[in-house]
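Everything on this sheet refers to the single structure shown next.
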Amino acid sequence: MPPNVLFLNTDQQSRHAVGASGNPWVRTPNLDALAASGLRFTRAYCAAPVCGPSRSCLNTGRPSHETGVLVNGIPPCPDLPEMCGLFHAAGYDVAWVGNRRGDQPPPPVDADGRFYLAFPEGQPGLGVDMDAPVVDAAIDYLQQRRDRPFFLTVPLMNPHDICYSVMGRAPDTADPDGELPPLPDNFEPVLPEPDFIRRCRARSYYGQENTYTSGWDEDRWRRYLREYYSLSERVDGEIGRLLGALQENGLDQDTLILHTADHGEGQAAHRWVVKLMFWENVVGVPLSLSWPGTIPTGETRHQLASGMDVLPTLCDYAGISVPGDVTGRSLRHAIEDRASREFIVIELHPDTEDHGFAARIVVSQHHKYVAFSEGAPRELLFDLEADPGETRDLATSAGTARVLEHHRACLSQWIDQTCDPFKPMA
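Residue numbers for the sequence shown follow this note's numbering, so the first one is 1200 and each next one is one higher.
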């Protein structure tokens, strides 16, 4: 009997915004319990550090240049098989309850009603308003009796509200008397900042949140961190209600649960907020899986994982074939055999008006390499083991020529294999 599948997708949750990561300033007992009941990947990355592109990769197992969603607001290529459709074709009762962006068309509805949507139109813009009713609707769905396994996707909004809080468009919901978290060790930017970052900081029409922070003092930065962690705790509470309902309805033993996020959050590293950047806090996401009797309990994996791996992983455990040209890989081998890959690639398009302004991020076992389409410098290289805060660019350092050339070759391999139109600077 194939498992039920519950796919939990939070929005803008860094891997460091989960207590299981070791961050003492955020309390997420429900996500921590999920990780403890199953397995947690410590080096999971989004496929693109912004909502729409990343979600298109999660749902298709393909890179954003193939889905066509380079920036928010672009609908994905309609001909690509996506997760809900694959599970629907396999006979699952398919449900999607929650956050749906305008660039994400809903899964198809069939005569049997195998599709359920909480907010088809006019959904609220803030997670503090919509996450609770979304979970209510998901719980209603779980209470229905059915004669086939279900595939339930629950995309929750928070901690995405931090975007609006930064711009003063949403109230600070954190406890005003709560202790303020410290600033990160890598709070100050690496100077001189690359042209790519400086252009992104000045942009006022897409990812403009950083223009609001120029006058912030350290106290304001710390209050921003407190609010971000508070929003992460809020969504954790909603996840706890949903997981509790799964257990109360006797479904927990037969359900594969996967939680991840579409991307992370700057968290004040290098004085950066929100998304659309290559820093670890932005591209690193939580990833936990649980299925009693099948997924190991209380273990971690340090292998690289990509958001594109979610679709093939869930399909693998459900016994569903995926198209052979899908870029993502099932993580089952990493879970069961501890198999690892050499590198992953993240695509970054931070400008809605100039899609050619872009970067590619190559993450390997020990390093991160960033190649830019324009500006100076042409590339960056960080040793993530020796310098996890990404404060020392090694691209022009003595002794790193072989490492640099290896990562250039990895990017070239990616471009050739995936037909990526990105053109690194010569």
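Note that CB positions come from ideal geometry on N, CA and C, so glycine has one too.
Worksheet item: For Ala1317, does the count of other Cβ atoms within 10 angstroms reach 16, so buried, or fall short, so exposed?
Response: Here Ala1317 scores only 48 on pLDDT, less than 50, and its place in the model should not be relied on; the value that follows carries that caveat. The residue is buried, with at least 16 neighbouring Cβ atoms inside 10 Å.
Worksheet item: Can you list, in chain order, the stretches of the alpha helix (DSSP H) that have 4 or more residues and sit fully within the region 1457-1514?
Response: Correct list: 1479-1482.
Worksheet item: Is Glu1265 buried or exposed, if buried means 16 or more other CB atoms sit within 10 Å of its CB?
Response: buried
Item to complete: Report the three-state DSSP secondary structure of Tyr1568 (helix, strand or coil).
Response: Strand.
Discussion item. Tell me whether the region 1496-1506 and the region 1568-1582 touch, counting them as touching only if at least three CB pairs, one residue from each stretch, are closer than 8 Å.
Written reply: no
Item to complete: Spatial neighbours of Tyr1363 within its chain, please: CB distance less than 8 Å, with the 5 preceding and 5 following residues excluded, ordered by chain position.
Response: Counting only residues of its own chain and dropping the five nearest sequence neighbours on each side, Tyr1363 has a CB closer than 8 Å to the CB of Gly1324, Leu1325 and Ala1369.
Worksheet item: What is the DSSP secondary structure of Ile1438, reduced to helix, strand or coil?
Response: helix
Worksheet item: Mind checking whether Ser1539 and Cys1609 have CB atoms under 8 Å apart?
Response: no
Practice prompt. Note down, in chain order, each residue of its chain lying with its Cβ closer than 6 Å to the Cβ of Glu1432, except the 5 sequence neighbours on either side.
Written response: Arg1226
Discussion item. Please report the straight-line C-alpha distance between Ala1557 and Gly1237, rounded to a whole angstrom.
Written reply: 37 Å
Worksheet item: In terms of residue numbering, what span does the alpha helix (DSSP H) encompassing Asp1394 cover?
Response: Asp1394 to Ala1401
Fill in: Close-in-space but distant-in-sequence residues of the same chain around Arg1537 (CB under 8 Å, 5 per side omitted)
Arg1500 and Gln1502
Worksheet entry | Whole-angstrom distance between Val1217 and Ala1167, CA atom to CA atom | The question about residue 1167 has no answer here: the residues shown for the chain are numbered 1200 through 1625.
Practice prompt. Determine the contact status of Val1333 and Thr1372, defining contact as a CB-CB distance below 8 Å.
Written response: no
Worksheet entry | Top-ranked residue by Cα proximity to Val1509, from Arg1254, Asp1210, Pro1223 and Gly1523 | Arg1254
Worksheet entry | Residue interval of the alpha helix (DSSP H) (run including Trp1295) | It is not in any alpha helix (DSSP H) - Trp1295 instead sits in the beta strand (DSSP E) that spans Asp1292 to Trp1295.
Discussion item. Using C-beta distances below 6 Å, list every residue in its chain close to Gly1518, excluding the 5 sequence neighbours before and after it, in chain order.
Written reply: Pro1201
Worksheet item: Which whole-angstrom value is the C-beta distance of Thr1209 and Asn1357, which I expect to be below 8 Å?
Response: Indeed they touch by this definition, with Cβ atoms about 7 Å apart.
Worksheet item: Given that a residue counts as buried once 16 or more other Cβ atoms are within 10 Å of its Cβ, and exposed if not, what is Lys1622?
Response: exposed
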